[in-house]
Amino acid sequence: MPRGGKKGHKGRGKQFSNPEEIDRQMKAQRELEEKEKEGADHESSSGSEEESSSDEEPHKRKGVEGLIEIENPNRVSQKSKKVAEVDVNAPKELSRREREEIEKQAAKERYMKLHLEGKTDQARADLARLAIIKKQREDAARKRDELRKEKEAEEAKMKR
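So the sequence shown is numbered by the working numbering: it starts at 2 and just counts up by one.
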């Protein structure tokens with residue numbers, strides 16, 4: 002039977018960190034944070050009081066966020082704008098779908114305009130087909146008239 006029993010052996014045995022090693026790393030982390038705080042305090046004392054109270058205040062981190070510093074390049078941070086900064090008259094940026102829809106409608110309108118003027122291939126083909134149909138109908142009407150006249154002539158001959 003294989004090492005892992007019926008299901009098989011997967012991976013290696015787990016290795017756990019040494020508790021002393023974890024304590025040493027946490028101590029080093031705390032010392033680094035204290036040094037950063039002291040540096041920030043020194044800089045904030047030289048700056049104005051308003052800036053230090055609002056900008057330099059570190060926010061409390063949740064979960065593992067404090068342990069691991071990760072910056073997600075895909076995450077777009079929401080920046081709130083002041084009412085004075087918002088420009089109402091600025092042109093609105095259209096999405097790709099909206100832009101494509103507008104272009105599609107404009108192309109359709111252009112095509113219909115050219116079609117009505119008879120400049121498109123389809124319009125020329127339609128006009129040619131219509132001309133052929135008109136000619137056929139005229140020929141058929143002429144033949145009907147001739148046949149009717151011949152019948153009338155025959156009937157007039159029969160009556161005499």
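Glycine included, every Cβ here is placed at the ideal spot set by N, Cα and C. Bear in mind that the values here come from a model prediction, so they are computed numbers and not experimental data.
- Message: Check this for me: beta carbons of threonine 121 and leucine 128, under 8 Å apart or not?
- Response: As a first step, residue 121 is located in the sequence shown; it is residue number 120 there, counting from the start. As a first step, residue 128 is located in the sequence shown; it is residue number 127 there, counting from the start. Result no, Cβ atoms of threonine 121 and leucine 128 do not sit closer than 8 Å.
- Item | Boundaries (first-last residue) of the alpha helix (DSSP H) holding glycine 138 | Against the sequence shown, residue 138 aligns to sequence position 137. Per the sequence shown, the amino acid found at residue 138 is arginine instead of glycine. Residues 122-160.
- Message: Please classify glutamate 50 as buried or exposed, where buried requires at least 16 neighbouring CB atoms within 10 angstroms.
- Response: Taking the sequence shown and counting its residues from 1, the one referred to as residue 50 is at position 49. Note that glutamate 50 has pLDDT 47, beneath the 50 cutoff, so the model's placement of it is unreliable and the number below is only indicative. Glutamate 50 is exposed by the Cβ-count criterion.
- Start and end residues, alpha helix (DSSP H) containing arginine 13: Here residue 13 is taken as the residue at index 12 of the sequence shown, counted from 1. Taken as a continuous stretch (DSSP letters only), arginine 13 belongs to no alpha helix (DSSP H), as it is neither H nor E.
- Message: Taking the straight line between their C-alpha atoms, what separation do you get for glutamate 39 and lysine 28?
- Response: Sequence index remark: in the sequence shown, residue 39 carries index 38 (1-based). Sequence index remark: in the sequence shown, residue 28 carries index 27 (1-based). So the two alpha carbons sit approximately 17 Å from each other.
- Query: Rounded C-beta distance between arginine 125 and glycine 119? I'm assuming under 8 Å.
  - Reply: Walking along the sequence shown from the start, residue 125 turns up at place 124. Walking along the sequence shown from the start, residue 119 turns up at place 118. With 8 Å as the limit, arginine 125 and glycine 119 qualify as a contact, their Cβ atoms being about 7 Å apart.
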